[in-house]
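All letters in the sequence shown, in the order written, are residues -18 to -1, 1 to 419 by mature numbering (1 follows the signal peptide of the UniProt record, and there is no 0).
Every residue gets a Cβ at the ideal spot worked out from N, C-alpha and C, and that includes glycine.
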Amino acid sequence: MHLSRLLTVGLLPQLSYALSIPSRRAVDCGFSTSANSGDTCESFASSWGLTVDELKSLNPGVSCPKIDTDGFYCVVGTVTDDEPTAASPSSTTRLSTQVPSPTVKSTSTVKPSPTKEPSGNGIETPGAIQDGMVSNCNKFHEVKSTTTCQGILNYNKISLEDFVKWNPAVGKDCSNLWQGTSACVGIISGSPSPTTTVKPSPTTPGNGVKTPTPIQDGMVPNCNKFHFIGDTTTCQGILNYDKISLADFVKWNPAVGKDCSNLWKGTNACVGVIGSTPTPTTTTKPPTNSNGITTPLPIQDGMVSNCNKFHPVKSTTTCQGILDYNKITLADFVKWNPAVGKDCSNLWQNTNACVGVVEFTPTPTSTAGNGIKTPSPIQLGMVKNCIKFHHIKPTTTCQGVLDYNKITLAQFFKWNPAVGKDCSGLWKDTHACVGVA
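Shown next, in the form of structure tokens:
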């Protein structure tokens, strides 16, 4: 990056005379920024199209060749040497630079604004700042390489809504926060902490419940129970502790996202509303009217109503373990517990899963006509005319099965389609078909 520079010099004899006499130097800085880690005076100056001497002229107190990366340095400005009385007025030396696009600081095309003093409040704004900062800012936060948007909000006890309003260049989701700049975190006539302007605070008139702050945007106005999000809080932990469903949590706190991946620490989340009952309730609670089986709680949403056998899901429980222990297939397990997902990746700990239903007989049965009883469990889709089986132990490999039974991978996949074409879906503690009639 190169700067466009203009050097205006008077008559050379007069300039030589002026330079021989000590002068008073004034710097009118238009833009300042910090150095990157590992920078030296030479590399930092070069990145801004300056020489080391020019950098020193703009920053009289800078110590070279090393440079303090915690400090801010003027890289765009005007240097004036006020001449001594004996010198001619034409001996003034002025270095003028135009504001460059700081590509070494950000890939954004938006240029940082030069330092300025907001009119009327008497507070000097530190440089550099991002474009569009409000003019009545009276409190600033330096954005370093380790600074995060969430950290700024937590430290200054402000809402994202206010931060974006005061610093619009950061973007609605604060994804364009620039390091090496100063952000506004307080304004004149504004409170540094979230106030009643933060939605919703307080809640709907008449419920008598005051909403704690800060909160994430969009929380329902009829919330009457809250959960503080600490550093170690997880979405699953909230659901378990407050006995609510993910669907309700997202409905009451839409900003967290459908999969609860945008849960913000240091905020308060809604975990109960007026007129609600913690989930699971009788609306999601079997039994059916006919089987007389009481469903243990909690459960995941959508469990079938004719379940008569349950498996507690603990912190060490795996989907495969449930299938093996109860001798059921993944297809049946997903059908009875649809909330776990087709690949069982959404199995929730500290819930109870359905592993048997009324009028269900565990797989397998005898193949009609061949008189061979299929051992269990098996993987889904095994051919019906199988007459020879191989028990898959924890140490069994696909190649070992093929070698031992003298069959090809193509045959093995044809008879056991669930293992996949590359046999990567072979399940331990099941029985695979290795021969057909």
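Rounded to whole angstroms, the separation of the alpha carbons of Ser164 and Pro108 is 7 Å.
Straight through space, the alpha carbons of Cys380 and Phe292 are spaced by roughly 32 Å. Per DSSP, the unbroken alpha helix (DSSP H) holding Ile134 starts and ends at 131 to 138. By the CB criterion at 8 Å, Cys23 and Leu40 fall outside the cutoff. Residues of the same chain with a CB within less than 7 Å of the CB of Pro47, apart from the 5 flanking positions on each side, are Thr22, Cys23, Glu24 in chain order.
Contact check for Asp411 and Ile374: beta-carbon distance about 7 Å, within the 8 Å limit, so the pair qualifies. Taking 8 Å as the cut-off, the beta carbon of Gln218 is found no closer than this to the beta carbon of Thr249. Remark: three or more beta-carbon pairs, one from each stretch, lie closer than 8 Å, so the stretch 140 to 152 and the stretch 110 to 121 are flagged as touching. Residue pairing from DSSP leaves Phe26 without any beta-bridge partner. Nearest Cα to Phe208 within the set Ala251, Ile169, Asp230: Ala251. Rounded to whole angstroms, the separation of the alpha carbons of Ala237 and Trp246 is 9 Å.
Separation of the CB atoms of Asn120 and Ile169 is rounded to 6 Å, and the pair is thereby assigned contact status at 8 Å. Judged by beta-carbon spacing, Ile360 lies within the 8 Å limit of His413, meaning their Cβ atoms are closer than that value.
The beta carbons of Thr311 and Leu362 sit closer together than 8 Å. In this structure, the straight-line span from the alpha carbon of Met201 to that of Asp283 is close to 22 Å. If you ignore the 5 residues before and after Val295, its C-beta comes within less than 8 Å of the C-beta of Ile304, Leu329, Trp330, Gln331, Asn332, Thr333, Asn334, Ala335, all in its own chain and listed in chain order. Assignment of Lys126 by DSSP, reduced to helix, strand and coil, places it in the coil class. The residue among Cys415, Trp409, Gly382 with its C-alpha nearest the C-alpha of Lys396 is Cys415.
Taking 8 Å as the cut-off, the Cβ atoms of Val57 and Ser14 count as close.
Counting the other Cβ atoms within 10 Å of the Cβ of Tyr386 gives fewer than 16, which makes it exposed. Contact between Val253 and Lys240 does not hold, since their C-beta atoms are separated by about 17 Å, which reaches or exceeds 8 Å. A direct Cα-to-Cα measurement between Gly338 and Ile281 gives close to 14 Å.
Cβ neighbours of Leu221 within its own chain (closer than 8 Å, five residues either side excluded): Ser227, Leu228, Phe231, Trp330.
Relative to Ala321, the option among Thr299, Val286, Asn290 whose CA is nearest is Val286.
Judged by DSSP secondary structure, Cys252 falls outside any alpha helix (DSSP H) and instead within the beta strand (DSSP E) spanning 250 to 255.
The distance from the Cβ of Gly417 to that of Lys370 is about 3 Å, consistent with a contact at the 8 Å cut-off. Of Gly43, Thr195, Phe54, Leu32, the smallest CA-CA separation from Ser19 is found for Phe54. Of all alpha-carbon atoms in Gly59, Cys289, Ser16, Asn290, the one lying nearest the alpha-carbon of Ser127 is that of Ser16.
Among the bridge pairs identified by DSSP, Lys410 is matched with none. The criterion of a C-beta distance shorter than 8 Å is not satisfied by Pro196 and Ser243. In the three-state reduction of the DSSP assignment, Lys324 falls in the coil class, being assigned neither a helical nor a strand state. DSSP places Cys301 within a helical segment (H, G or I) once states are collapsed to three. Cβ-Cβ distances below 7 Å link Pro399 to Gly363 in the same chain, with the five nearest sequence neighbours on each side left out; the list follows chain order. Annotated as proximal: Val255 and Asn204, with beta-carbon spacing under 8 Å. Under the DSSP assignment, Lys370 falls in the beta strand (DSSP E) whose first and last residues are 368 to 374. Checking the DSSP bridge columns, you'll see Ser16 partnered with Phe54.
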